[in-house]
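The numbering of the sequence shown is UniProt numbering, which starts it at 1 and goes up by one.
Quick reminder that beta carbons are idealized off the backbone N, C-alpha and C, glycines included.
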Amino acid sequence: MVGRVIGRRQILAGAGMAALAAPGITRAQGEAIRIGEINSYTAQPAFLQPYRNAWLLAQEQVNAAGGINGRRIETVFRDDAGRPEDAVRLAGELVNAEKVALLAGGFLSNVGLALGDFANQNKKLFVASEPLTDALVWGKGNRYTFRLRASTYMQSAMLVEEAAKLPVKRWATVAPNYEYGQSAVRWFKELLSRAKPDVQFVAEQFPALGRIDAGATVQALAAANPEAIFNVTFGADLTNFVRQGSTRGLFERRRVVSLLTGEPEYLDPLGDEAPEGWIVTGYPWEQIDTPVHTAFREAYRRRWNDYPRLGSVVGFDTVMAIAALLKKSPTLETEALVDAMTGLQFQSVLGPVQFRAIDHQSTMGAFVGRTVLKNGKGAMAEWRYADGKDYLPSDDVVRTLRPQT
C-alpha cells in the first residue's frame, strides 16, 4: 500500500466524529486536500504498520464526517526505507509533482532532521509524527517544522523522575548509535545528574542501529559493574539485548530504566522472555479506560480486527492534528498553515494537546510504569500518564536551545 493515494474509499460506517468545517478553505468542493506522508515503512514495520492503519482510520472518520468544509482529505504515502537521502528526494516529488498541501510523518530521528531541513529550505509545512530527537525543535528547529510525539528530553525527564528515587549511584547506558540514542543518553545523564549530583556513569555502549552485537554489549556493561542501566535500544536490538542480558545474568540485582520498552510494538515480540520490574515508558492499551481512548480502541479493533499499538495512537493523532489545523487555517497557503499550526490545540487519543508557539513541540505525554509478565507476555503495571506539558523546559531555557526564527 506504500505509495497509494488513499481517499474516500473504505469509509468507516457510523463514525461519530464531529464535522470539521473550515469556512476559510473554500476551493472547489470536490477537490481533495492532499497530504504527503513519508515514513520508514519497510525499515520499521512493527511501529509503522499500526501507524498507517490508524492514519487511514482517522482519515476515514474525518471524511465520513464531512471532511474540511465538504472537501475530503487524502494521503499520498511514500517509503523512505530509513534513508534520509531518499526521504528528501521523495519530499521533493510530493511537493512538486503531487502538489501536496503539507508534509507529515517521519520515524527515525536522522530522517526527521533531513525532512525538517527540507521543509525549512523549501518553505513547506512539515508535521513530524514520531522523530524523537530534540534537535528537530530546538538546535535545528525552524518555522516550518512541528513535532507531535513526546521527545527524548520529555521522556527522559519522565524516567529520571523515577530513576532518582532508586537507591543506586553507578549507572551504565546502552543506546543505538544515531541521533535518537545519542540525544536520549545525553538528556538522561544531564537530568539525572541534576537530580542526584552523586551519581556516576561508569560505562556507555552505542551499538549500530539494527546491528547490535548483544553478547559483546552485555559483556562490556557487566564488566563496568553498574548498579543500574539506562536502555534506549528498541525493536530487534532490544529483543537481542534482553535475551543475551538474561542469559548472562546482566539484569540480576540491577535496576533497569528503559525508554519505549513498554510499547507493545517492542514488548510483545519478547513473549514470556519480557523482563520484569523495568521502569519504562510505553502504552498499556488494554488498561486505559478514558472515553476518548475507549472509542479509539474499539474503532481500531472493528476496522482492523487487531488491537492498537503506540504507533496507532501516533498515526491517528497526526491526522486529527492536521484536520484541526485545516479547520483553523483560512487558506492552504504555507504561511497561513504555519501560523495556524503555531499554538494549535486539539483533542488527542491521550488527552488535550497543544503545539507550543515557542518551539513547535506538542504537549503529548507518555505512560510511565513497570514491566510485568501477564498471561505469558509482557505488560505494564503501576503506570501513570505523564502530561507532556509538565516535562518541558521553561521558555527562557528554550530560547537558549533554539535558534531565533
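Trp304 lies in the alpha helix (DSSP H); which residues open and close that run?
For the purposes of this step, residue 304 is taken as residue 304 along the sequence shown, with counting starting at 1. Per DSSP, Trp304 belongs to the alpha helix (DSSP H) from Pro291 to Trp304.
Going by beta carbon distance, what residues of the same chain come within less than 7 Å of Tyr153, once the five residues before and after it are set aside?
Against the sequence shown, residue 153 aligns to sequence position 153. Correct list, in chain order: Asp134 and Trp187.
Is the distance from the Cβ of Val319 to the Cβ of Gln59 below 8 Å?
Translated into positions along the sequence shown, residue 319 becomes position 319. Translated into positions along the sequence shown, residue 59 becomes position 59. Yes, they are a contact pair.
Could you say if the region 290-306 and the region 122-136 meet the contact criterion of at least three C-beta pairs nearer than 8 Å?
no
Taking the alpha-carbon positions, what's the Leu113 to Glu93 distance?
The count along the sequence shown starts at 1 and reaches residue 113 at position 113. The count along the sequence shown starts at 1 and reaches residue 93 at position 93. Cα to Cα, the separation comes out at about 18 Å.
Contact check, Val353 vs Thr363 under 8 Å by CB: the rounded distance?
In the sequence shown, the residue the question calls residue 353 occupies position 353. In the sequence shown, the residue the question calls residue 363 occupies position 363. Sure, about 5 Å apart at Cβ, within 8 Å.
Buried or exposed: which applies to Asp80, given that a residue is buried once 16 or more other Cβ atoms fall within 10 Å of its Cβ?
Taking the first residue of the sequence shown as position 1, residue 80 is located at position 80. Answer is buried; the Cβ neighbour count reaches 16.
Grab me the residues of Leu250's own chain with a C-beta within less than 7 Å of its C-beta, minus the 5 sequence neighbours each way, in chain order.
Counted from its first residue, the sequence shown places residue 250 at position 250. So the list reads Val218, Leu221 and Ala222, once near-sequence residues are dropped.
Note down the Cα distance separating Arg147 from Leu344, rounded to an integer number of angstroms.
To locate residue 147, count along the sequence shown from 1; it is residue 147. To locate residue 344, count along the sequence shown from 1; it is residue 344. Rounded to whole angstroms, Arg147 to Leu344 spans 12 Å at the Cα level.
Secondary structure at Tyr180, three-state DSSP: helix, strand or coil?
Here residue 180 refers to the residue found at position 180 of the sequence shown. The answer is helix: DSSP assigns Tyr180 an H, G or I state.
If you drop the 5 nearest sequence neighbours on each side, which residues of the same chain put their C-beta closer than 6 Å to that of Ser183?
As a working mapping, residue 183 is identified with position 183 in the sequence shown. The residues are Thr133, Asp134 and Thr152.
Tell me which residues share the same chain as Gly16 and place their Cβ nearer than 7 Å to its Cβ, disregarding the 5 neighbours each side in the sequence.
Along the sequence shown, one-based indexing puts residue 16 at 16. The predicted model places Gly16 with a pLDDT of 37, which falls under 50 and marks its position as unreliable, so this point remains unresolved.
Over what stretch of residues does the alpha helix (DSSP H) that includes Ser348 continue unbroken?
The sequence position of residue 348 within the sequence shown is 348, counting from 1. No alpha helix (DSSP H) holds Ser348; the beta strand (DSSP E) holding it covers Gln345 to Ser348.
Could you check which residue in Ala157, Arg170 and Val62 has the C-alpha nearest to that of Glu204?
One-based indexing of the sequence shown puts residue 204 at position 204. Here the closest residue by C-alpha is Arg170.
When DSSP labels each residue in this structure, what does Lys196 get in the three-state scheme?
Against the sequence shown, residue 196 aligns to sequence position 196. It is coil, neither helix nor strand.
Please report the distance separating the alpha-carbon of Asp387 from that of Gln49.
Residue 387 sits at position 387 when you count from the first residue of the sequence shown. Residue 49 sits at position 49 when you count from the first residue of the sequence shown. Using only the alpha carbons, I get a separation of about 26 Å.
Looking only at its own chain, which residues have a Cβ that is under 8 Å from the Cβ of Asn240, when we skip the five neighbours before and after it?
Along the sequence shown, read from residue 1 onward, the residue named residue 240 stands at position 240. Closer than 8 Å at Cβ, skipping near neighbours: Ile212 and Ala214.
Let me know the secondary structure DSSP gives Pro50 once reduced to three states.
For the purposes of this step, residue 50 is taken as residue 50 along the sequence shown, with counting starting at 1. In this structure, Pro50 counts as helix in the three-state DSSP scheme.
Rounded to a whole number of angstroms, what is the C-alpha to C-alpha distance between Asn231 and Gly70?
Walking along the sequence shown from the start, residue 231 turns up at place 231. Walking along the sequence shown from the start, residue 70 turns up at place 70. Using only the alpha carbons, I get a separation of about 47 Å.
In terms of residues, what are the limits of the beta strand (DSSP E) holding Phe367?
Taking the sequence shown and counting its residues from 1, the one referred to as residue 367 is at position 367. Per DSSP, Phe367 belongs to the beta strand (DSSP E) from Ala366 to Lys374.
Quick test of your reading: Phe367 and Gly282, contact by CB under 8 Å. State the CB separation rounded to the nearest angstrom.
Residue numbering aside, residue 367 sits at position 367 when the sequence shown is read from its first letter. Residue numbering aside, residue 282 sits at position 282 when the sequence shown is read from its first letter. Between Gly282 and Phe367 the Cβ distance is about 6 Å, and since that is below 8 Å, they are a contact.
So, for Gln404: in the same chain, excluding its five sequence neighbours on each side, which residues have a beta-carbon less than 6 Å away from its beta-carbon?
In the sequence shown, residue 404 corresponds to position 404, counting from 1. Nothing listed; no residue qualifies.
What's the C-alpha gap between Arg253 and Leu267?
By one-based count along the sequence shown, residue 253 stands at place 253. By one-based count along the sequence shown, residue 267 stands at place 267. For Arg253 and Leu267, the distance between alpha carbons rounds to 21 Å.
Alpha carbon to alpha carbon, how far is Tyr41 from residue 453? Give it in angstroms, no decimals.
The structure shown does not extend to residue 453, since the chain spans only 1 to 405, so no value can be given for it.
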